[in-house]
Amino acid sequence: MKLFVVLCLVSVAVALPASRTYSPDNAEILKYDNDNIGLGNYRFAYEQSDGTGQEQEGRLINEGQENESLAVTGSFTWIGADGVKYRITYKADENGYQPEIEQGPGGGIPPAVVASLLG
């Protein structure tokens, strides 16, 4: 009987879910969309709990013609080690890859450091 009780306690302890402490290594997917059947236009997007995300849309230009090409627009974001949110917005077409880089607030000199330098 004692062995049975001990085995039950051990099985309950093993079955408990692991603790969910946050770290950048275990970011969760908050949003995921994918609309792509492989026949031309597509769209996908995702967003994670650590601030990482991407969205992209592609469309065929001059479909069925000799100069058929794919035009892509989108963006991706992440939080840098400095705590600043970065975002790259881009388009890629017959004119090449054209990114625009944005940097959110932060990343400057902390006010405490400025104050200590000024005395």
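Per mature numbering (1 follows the signal peptide of the UniProt record, and there is no 0), the sequence shown runs over residues -15 to -1, 1 to 104.
Yeah, the Cβ is synthetic: ideal placement off N, Cα and C, and Gly gets one too.
Beta carbon of residue i nearer than 8 angstroms to that of residue j
i	j	result
SER34	GLU51	no
TYR27	ASP18	no
GLY65	LEU55	no
LEU59	GLN39	With the sequence shown as reference, residue 59 is identified as Gly, and Leu is not the correct amino acid for it. Yes.
GLY89	LYS70	yes
ILE46	PHE61	no
residue 110	GLU87	Given that the chain is displayed from residue -15 to residue 104, the structure contains no residue 110 and the question cannot be resolved.
TRP63	GLY25	no
ALA30	VAL57	no
Residue i - partner residues in DSSP beta bridges
i	result
ALA77	VAL57 and TYR82
GLU87	ARG72
Short CB-CB distance (under 8 angstroms) between residue i and chain C
i	result
ILE14	Among the protein chains of the structure shown there is no chain C, as only one such chain exists.
Closer than 7 angstroms: residue i CB and nearest the ligand COA heavy atom
i	result
ALA66	As far as ligands go, the structure on display features none, and thus does not contain the ligand COA.
Practice problem: Jot down the residue ranges of each uninterrupted alpha helix (DSSP H) in the region 17 to 68, minimum 4 residues, whole runs only, in chain order. | Solution: DSSP runs (the alpha helix (DSSP H)) wholly in the region 17 to 68: none.
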